[in-house]
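This report refers to the structure that appears directly beneath it.
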Amino acid sequence: MTTIKTATATLPVSADALYAFLSDLSKHRAFLEPAAMAFQGDADRHSYVIEVMGMKMPQELVVKERVPGQRVVLVPGAKKMFDHELRFEIAAAGEGSTLRLVDEADIPMMMAMMGAEKLLQGQLDSGLARIQELAGAGQLV
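Quick note on numbering: my numbering labels position 92 of the sequence shown as 1339, and the sequence is numbered without any gaps.
Written as structure tokens, this is what we have:
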């Protein structure tokens, strides 16, 4: 099992507001696009296609756990490249909040050799950066 983490970001929104945004998977389009193509989602699941080394790979994530104001945990649904658990770890920080993304991934050997860990790290970092932009612009709705 490989653990991939982002840095912890401080956001100018409450932990409750951040949780409300992240717990509704239909809102994830805002920070997954444009890399996530053909995004479809509802409150409990979303699916999309990503392009990796010229191959289009479908993804589906579903909610495993929600803890208000603290975390949202996602796992693969029917369409998966490998087993993993993606956690959005939220904490109150003064009048704002902090957020860190953590992915516990069971990356197959061939995918690891092709740089899957680096790709996942890039996706997590990009997602966190986009969430920071949205929060700073008051667009976490």
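The beta-carbon is built from N, C-alpha and C at its ideal position, and this holds for glycine as well.
Legend entry - Three-state secondary structure (DSSP) of Leu-1387: Leu-1387: coil per DSSP, three-state reduction.
Legend entry - Residues of its chain near Phe-1335, where Cβ-Cβ distance is below 7 Å and the 5 sequence neighbours each way are ignored: Contacts found: Leu-1269, Arg-1318, Val-1319, Leu-1346 and Leu-1348.
Inset, instruction - Go to Ser-1294, then tell me how far its alpha helix (DSSP H) extends in each direction, as first and last residue. - result: It is not in any alpha helix (DSSP H) - Ser-1294 instead sits in the beta strand (DSSP E) that spans 1292-1299.
Inset, instruction - Output the distance between the C-alpha atoms of Leu-1308 and Glu-1280, rounded to the nearest integer angstrom. - result: For Leu-1308 and Glu-1280, the distance between alpha carbons rounds to 15 Å.
Inset, instruction - Could you please give the first and the last residue of the uninterrupted alpha helix (DSSP H) stretch that includes Leu-1269? - result: Leu-1269 -> alpha helix (DSSP H) spans 1262-1270.
Inset, instruction - Taking only runs that begin and end inside the region 1315-1378, name each unbroken alpha helix (DSSP H) of 4 or more residues, in chain order. - result: If we require 4 residues or more, the alpha helix (DSSP H) runs fully inside the region 1315-1378 come out as 1356-1360.
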